[in-house]
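Novice: With positions in the sequence shown counted from 1, the corresponding number in the numbering used here is that position plus 10.
Glycine included, C-beta positions come from ideal geometry on N, C-alpha and C.
Questions regarding the structure given below will be posed in turn.
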Amino acid sequence: MSEHTIILEGTVKDFIKSSSGNLSFTLEDSQNNLHYCFSTKKRPILSLSDSIIVIGSTTTANKVRINYLINQSKSTEENMLEASSDWMYYASLI
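In structure tokens, the structure reads:
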């Protein structure tokens, strides 16, 4: 599967219920094209009609996996690829 980096700028139109519980929404760009955007890592604070910039990777079926999100309406930025820092490892001492 080939992925390409894409930068989208537009408005959050509606949130889509994901069966896996991921963040997913449609973004409408300045040419009224709709893009399906999703993230499997984090759930940023977004509202309908927020003006955002998405930097992501295209996947199959014209879906965009969000790597970085800039919310211009709320003046926030989020790295959607950050992993949790709450890692815990268990080792057996035998």
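List the residues that DSSP assigns as beta-bridge partners of residue 20.
Specialist: Taking the sequence shown and counting its residues from 1, one reaches residue 20 at position 10. DSSP output for residue 20 lists 39 and 62 as bridge partner(s).
Novice: Would you kindly work out how many angstroms separate the C-alpha atoms of residue 54 and residue 14, rounded to a whole number?
Specialist: As a first step, residue 54 must be located in the sequence shown, where it is residue number 44. As a first step, residue 14 must be located in the sequence shown, where it is residue number 4. Straight-line Cα distance between these residues: approximately 23 Å.
Novice: Beta carbon of residue 76, beta carbon of residue 90: below 8 Å?
Specialist: Position 66 of the sequence shown, counted from the start, is the residue given in the question as residue 76. Position 80 of the sequence shown, counted from the start, is the residue given in the question as residue 90. Taking 8 Å as the Cβ cut-off, residue 76 and residue 90 qualify as a contacting pair.
Novice: Looking only at C-alpha atoms, which of 56, 87, 50 and 82 sits nearest to residue 29?
Specialist: Here the question's residue 29 lines up with position 19 in the sequence shown. Minimum Cα distance to residue 29 is reached at 50.
Novice: Would you call residue 31 buried or exposed, if buried means 16 or more other Cβ atoms sit within 10 Å of its Cβ?
Specialist: Against the sequence shown, residue 31 aligns to sequence position 21. Its Cβ having fewer than 16 others within 10 Å, residue 31 is exposed.
Novice: If we call anything under 8 Å between Cβ atoms a contact, is residue 63 one with residue 17?
Specialist: The count along the sequence shown starts at 1 and reaches residue 63 at position 53. The count along the sequence shown starts at 1 and reaches residue 17 at position 7. It is a contact, given that the beta carbons lie within the stated cut-off.
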